[in-house]
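The block underneath contains the structure these notes are about, expressed in C-alpha coordinates.
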Amino acid sequence: LAVHLKGAFNTTRLALPQMLKQGYGRVLLFSSGSGLGSTGQANYSAAKEGMVGFARALSREVGPYGVTVNAIYPGGN
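So in the working numbering, the last one in the sequence shown is 175, and the numbering has no gaps at all.
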(Lines of atoms letter the chains of each structure in order from A; the text may use other names.)
(Lines give C-alpha, C1' and ligand atoms only; values in the text may rest on other atoms or scores of the structure.)
Protein backbone atom coordinates (compact mmCIF):
# COMPACT_ATOMS: atom_id res chain seq x y z
CA LEU A 99 0.00 0.00 0.00
CA ALA A 100 2.79 2.43 0.89
CA VAL A 101 4.51 2.05 -2.47
CA HIS A 102 1.61 1.74 -4.90
CA LEU A 103 -1.21 3.79 -3.44
CA LYS A 104 0.55 6.19 -1.11
CA GLY A 105 3.31 6.80 -3.66
CA ALA A 106 0.78 7.72 -6.34
CA PHE A 107 -1.10 9.96 -3.90
CA ASN A 108 2.03 11.83 -2.79
CA THR A 109 3.35 12.31 -6.33
CA THR A 110 0.00 13.54 -7.60
CA ARG A 111 -0.39 15.87 -4.62
CA LEU A 112 2.88 17.57 -5.53
CA ALA A 113 2.12 17.90 -9.25
CA LEU A 114 -1.51 19.04 -9.08
CA PRO A 115 -0.98 22.64 -7.91
CA GLN A 116 0.96 23.47 -11.09
CA MET A 117 -1.58 21.70 -13.29
CA LEU A 118 -4.45 23.57 -11.65
CA LYS A 119 -2.58 26.87 -11.93
CA GLN A 120 -2.08 26.45 -15.68
CA GLY A 121 -5.58 25.07 -16.24
CA TYR A 122 -4.27 21.94 -17.94
CA GLY A 123 -2.73 18.66 -16.93
CA ARG A 124 -2.74 14.90 -17.28
CA VAL A 125 -2.48 12.39 -14.45
CA LEU A 126 -1.86 8.79 -15.48
CA LEU A 127 -2.05 6.08 -12.83
CA PHE A 128 -1.34 2.37 -13.15
CA SER A 129 -3.58 -0.29 -11.69
CA SER A 130 -3.70 -4.02 -12.41
CA GLY A 131 -6.15 -6.81 -13.09
CA SER A 132 -4.76 -8.29 -9.88
CA GLY A 133 -6.84 -5.67 -8.11
CA LEU A 134 -9.73 -8.03 -8.65
CA GLY A 135 -8.11 -10.44 -6.21
CA SER A 136 -5.28 -12.94 -6.30
CA THR A 137 -4.56 -15.69 -3.80
CA GLY A 138 -2.01 -14.56 -1.24
CA GLN A 139 -1.89 -10.99 -2.50
CA ALA A 140 -4.56 -9.15 -0.53
CA ASN A 141 -2.27 -6.17 0.08
CA TYR A 142 -1.35 -5.81 -3.61
CA SER A 143 -4.98 -6.26 -4.68
CA ALA A 144 -6.14 -3.60 -2.22
CA ALA A 145 -3.51 -1.13 -3.42
CA LYS A 146 -4.23 -1.65 -7.11
CA GLU A 147 -8.01 -1.49 -6.78
CA GLY A 148 -7.57 1.52 -4.53
CA MET A 149 -5.78 3.18 -7.43
CA VAL A 150 -8.94 2.91 -9.53
CA GLY A 151 -11.01 4.56 -6.80
CA PHE A 152 -8.38 7.26 -6.40
CA ALA A 153 -8.41 7.96 -10.15
CA ARG A 154 -12.22 8.17 -10.25
CA ALA A 155 -12.48 10.48 -7.26
CA LEU A 156 -9.60 12.70 -8.36
CA SER A 157 -10.97 13.03 -11.89
CA ARG A 158 -14.23 14.38 -10.48
CA GLU A 159 -12.35 16.87 -8.31
CA VAL A 160 -9.95 18.29 -10.89
CA GLY A 161 -11.74 17.64 -14.18
CA PRO A 162 -13.65 20.93 -14.09
CA TYR A 163 -10.26 22.72 -13.94
CA GLY A 164 -8.84 21.20 -17.12
CA VAL A 165 -6.95 18.28 -15.57
CA THR A 166 -7.75 14.75 -16.71
CA VAL A 167 -7.07 11.65 -14.65
CA ASN A 168 -6.89 8.14 -16.09
CA ALA A 169 -5.88 4.74 -14.78
CA ILE A 170 -4.33 2.08 -17.00
CA TYR A 171 -5.82 -1.23 -15.92
CA PRO A 172 -4.12 -4.13 -17.77
CA GLY A 173 -5.97 -7.38 -17.31
CA GLY A 174 -8.98 -5.61 -15.79
CA ASN A 175 -12.55 -5.92 -16.95
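All residues carry an ideal CB built from backbone N, CA and C; glycine is no exception.
- request: Identify whether Thr166 lies in helix, strand or coil by the three-state DSSP scheme.
  value: For the purposes of this step, residue 166 is taken as the residue at position 68 of the sequence shown. In this structure, Thr166 counts as strand in the three-state DSSP scheme.
- request: Return the residue from the list Pro172, Ala169, Arg124 and Tyr142 that minimises the CA-CA distance to Leu99.
  value: Numbered from its first residue, the sequence shown carries residue 99 at position 1. Cα-wise, what sits closest to Leu99 is Tyr142.
- prompt: From which residue to which residue does the beta strand (DSSP E) around Gly123 run?
  reply: Within the sequence shown, the letter at position 25 stands for residue 123. Gly123 -> beta strand (DSSP E) spans Gly123 to Phe128.
Met149 vs Leu103 beta-carbon contact at 8 Å: Position 51 of the sequence shown holds residue 149. Position 5 of the sequence shown holds residue 103. A contact, by the Cβ cut-off of 8 Å.
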